[in-house]
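Going by numbering that gives the first Met the number 0, 815 is the number at position 816 of the sequence shown; the sequence numbering is gapless.
Just so you know, even glycine gets a beta-carbon here, dropped at the ideal spot from N, CA and C.
Structure first, commentary second.
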Amino acid sequence: MAREDNGKGAPPQPQWLDRFMGPIDFGDITDLKIRLQFLAEEADRRLVTVFGSGISSEVLPSVPQLTEIFREHVPKPGLARFDATVADATDPGLKYQSAAAVLTKQAGEPTVMRAIRKAVLQACPDVPETDVTAVARDEERCREYARTGNWIIPRGYQRFAQFFASLSGGARGPIITTNFDPLIEIALGQVGIQAVPIPIPTDTVPAMGQLSEAIAHPVLHIHGYWTGQATSNVPTRITSARPGLDDVLRRLLTNSVVLVVGYSGWLDSFMRSMRSQVLDNTADLLEAEVLWAAYETDAAAVTSGPLGDFVGAPGFTLYLGVDGHELFTDELERDETETEEAPSQYGYSRVPRVLADSASYQPGAFAEGSQPVWADAAPGRWPVLSSTVSLEQTVVECLRGGGGGGAVAIGPLGEGKSLALRQVAHAVAGSRPEWNVLWREPGAPLLTKDWLNDVRATGKTLICVDEADLIMDDMVSTKDVWAAEGSGIAFLLASQDRLWWQGAGSTLRPWIEDVVFHGITNDDARNIALTWQRLGLLPNDSQEIDSVAERLAASADAMVAESNTLFGAVLDVRYGADLGARMEDLVRKLHEIKLTDSVDLGDIFGGICVMQHALDKNGNRGKGASRSVIAAIVGLDPVFADGKILQTLGREAAVTFAGNRVYCRHPSIAATVVEYLHREGTASKVYELVGQAGGERLVKKASILEGYRDAYKLSRSLSAPESVWAAKGAVQGTGRKILESRVSLLRALRLERKQRAGAYARNLAPELADYDDYHRAVRAFLVEFSISLRDEAEAQTSAGLAALALDDQVGFALDEDRAGYALVSLAKSAAALNTQTRDTATKDAPALCSILLEYIRGEEDASKHLGRFRPTAHHDLRQLSTVKLCGQLSTMFNKAAAQALQETKVDVETRGVLSFGTLRRLADRPRRPTRL
Numbered sequence: 000m001a002r003e004d005n006g007k008g009a010p011p012q013p014q015w016l017d018r019f020m021g022p023i024d025f026g027d028i029t030d031l032k033i034r035l036q037f038l039a040e041e042a043d044r045r046l047v048t049v050f051g052s053g054i055s056s057e058v059l060p061s062v063p064q065l066t067e068i069f070r071e072h073v074p075k076p077g078l079a080r081f082d083a084t085v086a087d088a089t090d091p092g093l094k095y096q097s098a099a100a101v102l103t104k105q106a107g108e109p110t111v112m113r114a115i116r117k118a119v120l121q122a123c124p125d126v127p128e129t130d131v132t133a134v135a136r137d138e139e140r141c142r143e144y145a146r147t148g149n150w151i152i153p154r155g156y157q158r159f160a161q162f163f164a165s166l167s168g169g170a171r172g173p174i175i176t177t178n179f180d181p182l183i184e185i186a187l188g189q190v191g192i193q194a195v196p197i198p199i200p201t202d203t204v205p206a207m208g209q210l211s212e213a214i215a216h217p218v219l220h221i222h223g224y225w226t227g228q229a230t231s232n233v234p235t236r237i238t239s240a241r242p243g244l245d246d247v248l249r250r251l252l253t254n255s256v257v258l259v260v261g262y263s264g265w266l267d268s269f270m271r272s273m274r275s276q277v278l279d280n281t282a283d284l285l286e287a288e289v290l291w292a293a294y295e296t297d298a299a300a301v302t303s304g305p306l307g308d309f310v311g312a313p314g315f316t317l318y319l320g321v322d323g324h325e326l327f328t329d330e331l332e333r334d335e336t337e338t339e340e341a342p343s344q345y346g347y348s349r350v351p352r353v354l355a356d357s358a359s360y361q362p363g364a365f366a367e368g369s370q371p372v373w374a375d376a377a378p379g380r381w382p383v384l385s386s387t388v389s390l391e392q393t394v395v396e397c398l399r400g401g402g403g404g405g406a407v408a409i410g411p412l413g414e415g416k417s418l419a420l421r422q423v424a425h426a427v428a429g430s431r432p433e434w435n436v437l438w439r440e441p442g443a444p445l446l447t448k449d450w451l452n453d454v455r456a457t458g459k460t461l462i463c464v465d466e467a468d469l470i471m472d473d474m475v476s477t478k479d480v481w482a483a484e485g486s487g488i489a490f491l492l493a494s495q496d497r498l499w500w501q502g503a504g505s506t507l508r509p510w511i512e513d514v515v516f517h518g519i520t521n522d523d524a525r526n527i528a529l530t531w532q533r534l535g536l537l538p539n540d541s542q543e544i545d546s547v548a549e550r551l552a553a554s555a556d557a558m559v560a561e562s563n564t565l566f567g568a569v570l571d572v573r574y575g576a577d578l579g580a581r582m583e584d585l586v587r588k589l590h591e592i593k594l595t596d597s598v599d600l601g602d603i604f605g606g607i608c609v610m611q612h613a614l615d616k617n618g619n620r621g622k623g624a625s626r627s628v629i630a631a632i633v634g635l636d637p638v639f640a641d642g643k644i645l646q647t648l649g650r651e652a653a654v655t656f657a658g659n660r661v662y663c664r665h666p667s668i669a670a671t672v673v674e675y676l677h678r679e680g681t682a683s684k685v686y687e688l689v690g691q692a693g694g695e696r697l698v699k700k701a702s703i704l705e706g707y708r709d710a711y712k713l714s715r716s717l718s719a720p721e722s723v724w725a726a727k728g729a730v731q732g733t734g735r736k737i738l739e740s741r742v743s744l745l746r747a748l749r750l751e752r753k754q755r756a757g758a759y760a761r762n763l764a765p766e767l768a769d770y771d772d773y774h775r776a777v778r779a780f781l782v783e784f785s786i787s788l789r790d791e792a793e794a795q796t797s798a799g800l801a802a803l804a805l806d807d808q809v810g811f812a813l814d815e816d817r818a819g820y821a822l823v824s825l826a827k828s829a830a831a832l833n834t835q836t837r838d839t840a841t842k843d844a845p846a847l848c849s850i851l852l853e854y855i856r857g858e859e860d861a862s863k864h865l866g867r868f869r870p871t872a873h874h875d876l877r878q879l880s881t882v883k884l885c886g887q888l889s890t891m892f893n894k895a896a897a898q899a900l901q902e903t904k905v906d907v908e909t910r911g912v913l914s915f916g917t918l919r920r921l922a923d924r925p926r927r928p929t930r931l
């Protein structure tokens, strides 16, 4: 209800006053209709619609009329001041804001809300004019009228609702409005889309998790809602910075098309948030596109205000002369001959019963490893593999019984599960019209009992989910609704086998039957080869179908033990020795896509490959690069990973996903890319970027669920020089705060064996207490320092440092792991010292350490790490109590520890003599068969 486009009547003819602007610089209503039609057909990104007051004003009081309603609520003593204040403002929008400000100060926020409710109720003919004032005082009666009353809905909302209902579930994004009224929600409800208002009058915004849990379609009222407690009316509240709204908007923009209608773009808080996303060039990284529909046709007038800054920005298009009531008509209306079906639930798409043939379809994308789309699932396009047949038979058997269970395709990455899911879903949709078949889109709400009951009320429903790990827990908590035979609900799922069985797969097994996707039959191989021939995709222009099929089957059989078989066999047969050249071309191409001044998309892809190759070759351990780490490599909030970064890599490099992790389609791709990074000289940069991203997320206290620790500790899984590169990155990422990252670098330098570790440790030693995690990491530092000096033949100082790592006063309380590492280092340093000096005073130290290690960590660890020092079963040292064992060690190394403190200047506090009380207590505890 602020100063915005009115959206009424025929717009005036264009006036191109600015000599630098011409009609080609901007679109018109015809261009925008075509763009929206294309969006509906492609359905590759969701539509986030922003409505100003221009549509609602067709049936609600105008801004001047609302200003007058505010005046009616002003206390009599304040009328003179009200009139004087409003008169000073020349613009209708400013008059409205000034009126709201005076009314708030003189009568309070509740009175302003009553005035707004009185204005909104003018669109509800069920409320007699004589009762409007009384109803406006009763919020609950207002809510009841919103639920059950008859309302006059603007033409623009009616037509938008029809268009919105025709979109697939994945294309229907949240709706944002500056209006207070419920007319959008009511219009959506009239076409079968349940919508819920979410008032955001201040910067107390809903978390994205709350939005994702909404079972109805969210409509965000960013200036407040008519039945709420407050609205944004006064100038200070309307124009104030709203960082919370910035964050929500950034997340909603991700991979979205934002349509703005009936909103003039004056500088309120929403416009500030939009500017921060579009003008700071983040829209490009988010893969966001803004379509701004302006009612005015005068380009100079439209662009003279804040909106002018947007013109020319990446992803921003301005359309002039757009009447909001006429936008969603003609080409955008559904064909009346089409069979009318109820729109799918929020976050879900209805699986098409007939897949339209697209002239733009390119089969090569799927053959190269891209995730399948619906066009790939068209009958006869790609072969139905034997595992797919089993999956369909299993789910159809459940449907025959009326639901109450379902089937899940499980297996490693790259086994054809995703295509099989689409093929079976489409087959069921076409052959069983009595079942609604819904496909879960990214960002869909949680499965709740209420949601499932709402779905079931529309008819028997098969719910299809490609990443089943996302809903497993919800399935367990709602099984009372769906798990009974004949419940009317069934599931068709796909999941990576590790995620399924580590999750709730075993719990769901009585109702969800697993179908294994791992390997192919000879018939499968031949059908794939025949399809390649039909589509012109045979490798090296070969026409020998039998030969190609035999190679496919043989390659798949050879890879069964390595987990990933189908796509690995496809790569082997299609490219063989040429895979390296293809990957080089890909990485070079990705290097051309700059994300920052120093990081490009090739670096990101390299980081994904590096983590997969080092930690999770087959993508079945959940240790690949996480979305959070990928975004951090570019120095951005985690939300940015889902924008340009992963969207482009999905198209160009065919990366795939397992939960929160991102992988190459096959281990051979990761290995080939890592090899190329070394050849082109960028490997050190990529390893450092990965480690740095992990370190930065650690310092920002990210959740462990984000998966940053695998990147942060990547160096621990590498050999030199890669381990040094990754560890250096982690140190850079943690800045001056974290000692642990420096311990990792010390370890990497030590294993590099270039005699650099000791010098690095000596530089750190005097400032240990400056680090935030000093107490937690200091023992590990002392052990690594000890080993480094032993490698450099400084046995006495090495032994002293190892002994200090066991002292009661150093850092946090000693535990089994830290005790084990320190004892091993102390034993080896003592042995080296004895070899150098032939000092009989410490000759028994290695044996004492071995006995204590056995008591604390078990015989297996003692034999593995200190086997050459272990005394025989009846040796006299074994007769000593733990008190004497620890006492003798303390006596042996008191002097060495004191000298080490003095010589290295290591910053730790002791009592002057070693104290091994905690070590003794650990040795006295019942032994557990743990390993170092």
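- Rounded to the nearest angstrom, the Cβ distance from residue 835 to residue 791 is 13 Å, too far for a contact under 8 Å.
- In the DSSP assignment, the residues bridged to residue 46 are 171 and 256.
- Annotation: residue 196 is outside any alpha helix (DSSP H); the continuous beta strand (DSSP E) that includes it extends over 194–198.
- The C-beta distance from residue 495 to residue 411 rounds to 7 Å, short enough to fall under 8 Å.
- Cβ-Cβ separation between residue 150 and residue 187: approximately 12 Å, too far for a contact (criterion under 8 Å).
- Residue state for residue 291 is assigned as strand, using DSSP reduced to three classes.
- DSSP places residue 128 in the helix class (H, G or I) of the three-state scheme.
- Out of 758, 823 and 744, the CA that lies nearest to the CA of residue 782 is found in 823.
- Taking the Cβ atoms as the reference, residue 31 lies roughly 6 Å from residue 292, within the contact range of under 8 Å.
- Under the 10 Å beta carbon count, residue 704 is surrounded by fewer than 16 other beta carbons and is classified as exposed.
- When C-alpha distances from residue 571 are compared across 582, 550, 454 and 585, the shortest belongs to 550.
- Annotation for residue 752: 719 and 790 place their beta carbon closer than 8 Å to its own, counting only its chain and skipping 5 residues before and after.
- Of the candidates 607, 672 and 556, the residue whose Cα lies closest to the Cα of residue 709 is 607.
- Boundaries of the beta strand (DSSP E) harbouring residue 488: 488–495, taken from the DSSP string.
- In this structure residue 322 touches residue 28 by the C-beta definition: roughly 7 Å separates them, less than 8 Å.
- Your pair residue 794 and residue 825 does not check out as a contact, with CB atoms roughly 11 Å apart and the cut at 8 Å.
- Contact check between the stretch 798–816 and the stretch 864–878: fewer than three CB pairs, one atom from each, fall below 8 Å, which does not count as touching.
- Residues 327 of the same chain have their beta carbon placed closer than 6 Å to that of residue 159, with the five preceding and five following residues left out of the count.
- Under DSSP, the beta-bridge partners assigned to residue 219 are 175 and 197.
- Every alpha helix (DSSP H) stretch that sits fully inside the stretch 704–768 and reaches 4 residues is listed by chain position as 707–711, 721–733, 739–751 and 756–763.
- Judged by their CB atoms, residue 567 and residue 667 are nearer to each other than the 8 Å cut-off.
- Counting only runs of at least 3 residues, the stretch 510–588 fully encloses the following beta strand (DSSP E) elements, listed from N- to C-terminal order: 511–515.
- Residue 492 has its alpha-carbon roughly 4 Å from the corresponding atom of residue 407.
- Under the three-state reduction of DSSP output, residue 68 falls in the helix class.
- Taking the Cβ atoms as the reference, residue 698 lies roughly 6 Å from residue 736, within the contact range of under 8 Å.
- Annotation: residue 544 to residue 381 spans about 16 Å, alpha carbon to alpha carbon.
- 673 is the residue among 580, 833, 38 and 673 whose C-alpha sits nearest the C-alpha of residue 616.
- A distance of 8 Å or more separates the beta carbons of residue 686 and residue 631.
- Annotation note: the stretch 630–695 contains the following uninterrupted alpha helix (DSSP H) runs of length 4 or greater, listed N- to C-terminal: 643–651 and 666–679.
- Within the same chain, 102, 106, 110, 113 and 114 come within 7 Å of residue 72 by CB-CB distance, once the 5 residues on both sides are set aside.
- The residue from 260, 259 and 272 with its alpha-carbon nearest to that of residue 250 is 272.
- Residue pairing by DSSP places residue 437 opposite 349 and 462 in a beta bridge.
- DSSP places residue 457 in the coil class of the three-state scheme, outside both helix and strand.
- In the three-state scheme derived from DSSP, where H, G and I count as helix and E and B as strand, residue 599 is classed as strand.
- Under the 10 Å beta carbon count, residue 841 is surrounded by 16 or more other beta carbons and is classified as buried.
- For the pair residue 456 and residue 490, the Cα-to-Cα distance works out to about 17 Å.
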